[in-house]
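Visitor: First, the structure itself, so that you have it in front of you.
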Amino acid sequence: MFFAVMLLAGIGAWYGLKKEELPDVTFNTVRITVTYPGASADEVEYHVTQPLEEVLGSVEEIYRLSSSTAAGTSVITAEIERGAEDIDAVLGAIRQEVLSVDLPDAIRDTPRFRVFKTSRKAIIDIGIISTASPMLGTGERRALQSKALELENRLLALPEVSRVDRSGWLEDEIHINVDPRKLLDYDIPFNTVMEEITRSNVRQPAGSIETLQEPRVTIYGELRTPEELESLAVQGGFEGQVVRLKDIATIDYGHEKNQSILKINGYEGIFLKVTKSSSTGILDAISAVDKAVEHYRSVQPEGTPLRVVSLDDESLDLQNRLSIIGINGSIGFVLILIVLFIFLDARSGFWVALGIPFSFCFTLACALLAGYSVNNITLAAVIIVMGIVVDDALVIAENIRRSSRHGASLHEAAAEGTSMMALPVTASIITTCIAFIPLFFFEGRFGSMVSFIPAVITLMLAGSLLESLFILPGHMTLLPAGHASPRREHWFDRWEQLYAQLLRSLLAFRWPVIALFTALFAASLLLGASSLSFVMFPDEETRQIRITGQAPEGNSQKKTAELTRPLEEIIMASAGREVIGLRNEIARSRRGSAVGENAFRMRVEIVPKEQRQTSADELIRQWKAAAAKAAPRLEKLKFSKTRHGQDSGSAVEILVKDNSETRRREERSTPLLRR
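Counting in this note's numbering, the sequence shown runs from 2 upward without gaps.
See below:
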């Protein structure tokens, strides 16, 4: 009865548990990002990074600060001491200190704070593009952003979605292009125009002169229409006549200046990064998003150039692992049955094999009570322990069977066989669990993740032990009448006798045998230390390929986008087979800060390895060869495969804390590193 109840509880827990890519973990890391438009890296360092680092140094709970400064962007990462009592209070202190700094007036946006939480990670990127042209004009962008906003509102209406972030989006602006010659004709200073626009119910300050030949005033935010601005009276005309803005300038809609270019599958577009609700599993959230996107596609007019593509579906890895659990679990169950039937009788083998589903259901029920989720980490723990959950049941079942063959009744054999093996089996389970306890003490992000592995393994083995000691003996008494009578010799008994003879011979020479195996153990340690390398994350077949490179120095963003077009076409020729999609970011670094306008970074998503015949290495080889012919002007091309986890960094890392010493330390260190 208890066995059946546990199976039902496990099935119910499976539907009650959230299905996630990763466990719900909050890392003790805060990233502060400040955007300083138009500033050089040195200016950002002096006016933004250094003042922020000074005030953050007064927060006691921060044990390490690191910063990355680029043109127009400052990124500061604050790592909070592990064990801090109130993380929220520390975050509040960090926010208060940052906002207290008097930053340059040119910084319009409030500093952005990001706390690293796995539950806030985007689960899928929805790209919206127009295939009418590789690059967007003002009107085309306006129409595309309107469509993207419509889809964004649909996604935000879903209870499974908590947030949608945009990438490649440009805010609407009203551009006032002032004619310098007309300013001279009417004798009106440009500053007067600026002041009048600012005073006339404009909610945000006007912009600045962009060129000396054609001054431009840029209006940000939700403002008047161009028609209303045209009728604005500009004071200061010659002999007091009324001069309106339309008399000295042209006014039209536009967008903010593009700091970078985002292309999706070869076309400039917009990404909507969808973050699920923390109360919803990733599989349910992805399903809801897919339905909303499919409905959005279906209501678009026929023949429209609008395309909606989905990239970076984070549920694919989880679905793959669930498939592995299902397939491997089924195959393993059948193989275990076959092996048990070979070494035991069919009925004993069947009862022993039932320890696998019992242990799995026991773990699911306990995981639900503990607030765990089904994710890549917990599934990895299940895979690790899947092959050993029947070891204790096998030992006890064999001992019960042996007692039965020696003449004991089934009930006597069950009681005697279980009691004899209870202590050693329990000790074996405990020692196996202890072997995984060190995973609790790893620090950092890695430690936060792997700490779930020993907990799940302990639950699996505890369920197996419970089934072996209290349920299996009862099942063994259900064998048919006459099973307890002496039977003919088992085929393996002969091998046991041969083993016994060998063991007696070895015991006569126990010291030489001990010396031999000690030498073998030492040799294995020596071999491992000299020949085997340690890799935390093995280089497995990937689902993403990264490509970085540059156009010749001096090329603009648009020219760089044009030069990368042949490479995009080479990659997209494999779309529908090996390639799912492609994103190309020009003049944009991995973390979103500005880089040189001639730099680009592509990320190619390829289908899972089980669904393609060409390996990632072969794809890279083919694309390299084709790019050398089709895009010869691209420089510093680098193709690389993404890997799970993070690399371990360089073998030697030098941190320079004083910028004034940078050059001298480089000069002293470089010759040493070359030796």
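Cβ atoms here follow ideal geometry from the backbone N, Cα and C, with glycine treated the same way.
Give me the Cα-Cα distance between Glu-21 and Ala-85, rounded to the nearest whole angstrom.
Guide: Looking at the two C-alpha atoms, the distance is approximately 27 angstroms.
Visitor: State buried or exposed for Ala-371, treating a residue as buried only when at least 16 other CB atoms are found within 10 Å of its CB.
Guide: Under this definition Ala-371 is an exposed residue.
Visitor: In terms of residues, what are the limits of the alpha helix (DSSP H) holding Val-1?
Guide: Because the chain in this structure spans residues 2 to 676, residue 1 falls outside the shown range and cannot be described.
Visitor: In the structure shown, what three-state DSSP assignment does Gly-529 receive?
Guide: Helix.
Visitor: For Ile-130, which residues from the same chain have a beta carbon less than 6 angstroms from its beta carbon, with the 5 sequence-adjacent residues on both sides left out?
Guide: The residues are Ile-265, Tyr-268, Gly-270 and Arg-308.
Visitor: So, for Ser-278: in the same chain, excluding its five sequence neighbours on each side, which residues have a beta-carbon less than 6 angstroms away from its beta-carbon?
Guide: Within the same chain, Ser-278 has close Cβ partners Glu-161 and Ser-163.
Visitor: Which same chain residues end up closer than 7 angstroms to Ile-571 when comparing Cβ atoms and leaving out the 5 residues on each side of it in sequence?
Guide: Trp-624, Ala-627, Ala-628 and Ala-631, listed in sequence order.
Visitor: Below 7 angstroms CB to CB, which residues in the same chain sit around Asp-318 once its five sequence neighbours on both sides are set aside?
Guide: Correct list, in chain order: Glu-22 and Asn-377.
Visitor: Give me the DSSP bridge partner(s) of Leu-583.
Guide: DSSP output for Leu-583 lists Val-605 as bridge partner(s).
Visitor: Do the stretch 356-369 and the stretch 468-480 make contact, defined as three or more Cβ pairs closer than 8 angstroms?
Guide: The stretch 356-369 is in contact with the stretch 468-480.
Visitor: Roughly how many angstroms lie between the CA atoms of Ile-326 and Phe-601, to the nearest whole one?
Guide: If I take the Cα positions, the gap works out to 39 angstroms.
Visitor: Quick check: the Cα distance between Gly-555 and Ala-381, rounded to an integer number of angstroms?
Guide: Between Gly-555 and Ala-381, the C-alpha separation is close to 49 angstroms.
Visitor: Here's the rule I'm using: 16 or more other beta-carbon atoms within 10 Å means buried, otherwise exposed. How should Ser-168 be labelled?
Guide: The residue in question, Ser-168, is buried, as its Cβ has 16 or more Cβ neighbours within 10 Å.
Visitor: Between which two residues does the alpha helix (DSSP H) carrying His-412 extend?
Guide: Segment 411-437, the alpha helix (DSSP H) holding His-412.
Visitor: For the alpha helix (DSSP H) holding Lys-630, just list the boundary residues, first then last.
Guide: Lys-630 -> alpha helix (DSSP H) spans 617-631.
Visitor: By how many angstroms is the C-alpha of Arg-406 removed from the C-alpha of Gly-483?
Guide: Note on Gly-483: pLDDT 48, under 50, position unreliable in the model; no value is reported.
Visitor: Threshold first: 4 residues or longer. Then list the alpha helix (DSSP H) segments lying entirely within the stretch 460-524, N to C.
Guide: Complete alpha helix (DSSP H) runs here, min 4: 473-477 and 494-508.
Visitor: What are the boundary residues of the beta strand (DSSP E) that Glu-636 is part of?
Guide: Residues 636-642.
Visitor: Got a sec? Which residues, its chain only, sit under 8 angstroms from His-412 by beta carbon, not counting five neighbours each side?
Guide: Excluding positions up to five away in sequence, the list reads Thr-478.
Visitor: Relative to the C-alpha of Leu-462, which candidate in Ser-410, Trp-512, Ile-384 and Leu-528 has its C-alpha closest?
Guide: Per the Cα distances, Ile-384.
Visitor: Could you tell me the distance, in whole angstroms, from the CA atom of Gly-128 to the CA atom of Leu-533?
Guide: Distance between the alpha carbons of Gly-128 and Leu-533 is about 44 angstroms.
Visitor: For Thr-27, list the residues DSSP reports as bridge partners.
Guide: Paired residues: Lys-118.
Visitor: Could you give the residue range of the beta strand (DSSP E) that holds Val-275?
Guide: First-last of the beta strand (DSSP E) with Val-275: 268-277.
Visitor: Cutting at 6 angstroms between CB atoms, please list the residues of its own chain near Thr-34, excluding the five before and the five after it.
Guide: Counting only Cβ-Cβ distances below 6 angstroms, and skipping sequence neighbours, we find Val-76 and Arg-113.
Visitor: Between Asp-166, Asp-346 and Ala-133, which has its C-alpha nearest Ala-123's C-alpha?
Guide: Looking at the Cα atoms, Asp-166 is the closest of the given residues.
Visitor: Starting from Tyr-64, trace the alpha helix (DSSP H) both ways and give me its first and last residue.
Guide: Per DSSP, Tyr-64 belongs to no alpha helix (DSSP H); it is in the beta strand (DSSP E), 63-71.
Visitor: Taking only runs of the alpha helix (DSSP H) that begin and end inside the stretch 134-163, which ones reach a length of at least 4 residues, in chain order?
Guide: DSSP runs (the alpha helix (DSSP H)) wholly in the stretch 134-163: 139-157.
Visitor: Applying the criterion that 16 or more other CB atoms from any shown protein chain within 10 Å of the CB defines a buried residue, is Trp-496 buried or exposed?
Guide: Exposed, because fewer than 16 other Cβ atoms sit within 10 Å of the Cβ of Trp-496.
Visitor: Measure the C-alpha to C-alpha separation of Thr-549 and Leu-568 and round it to an integer number of angstroms.
Guide: Between Thr-549 and Leu-568, the C-alpha separation is close to 11 angstroms.
Visitor: Taking just the CA atoms, how far does Gly-255 sit from Leu-233?
Guide: Distance between the alpha carbons of Leu-233 and Gly-255 is about 19 angstroms.
Visitor: How would you call Ser-288, buried or exposed, if buried means at least 16 neighbouring beta carbons within 10 angstroms?
Guide: Exposed is the call here.
Visitor: When the Cα of Gly-464 is compared with those of Phe-3, Phe-334, Ala-428 and Phe-361, which residue comes out closest?
Guide: Among Phe-3, Phe-334, Ala-428 and Phe-361, the Cα nearest to that of Gly-464 belongs to Phe-361.
Visitor: On the criterion of 16 or more Cβ atoms from any shown chain inside 10 Å, does Phe-453 qualify as buried, or is it exposed?
Guide: Phe-453 comes out buried.
Visitor: Roughly how many angstroms separate the alpha carbons of Leu-526 and Ile-389, rounded to a whole number?
Guide: Cα to Cα, the separation comes out at about 25 angstroms.
Visitor: Restricting to Cα atoms, I'd like to know which of Arg-578, Trp-492, Lys-639 and Glu-606 is closest to Ala-552.
Guide: Ala-552 has its Cα closest to that of Lys-639, out of Arg-578, Trp-492, Lys-639 and Glu-606.
Visitor: Within its chain, find whatever has a CB closer than 6 angstroms to the CB of Cys-367; leave out the 5 residues flanking it on each side and keep chain order.
Guide: Leu-460.
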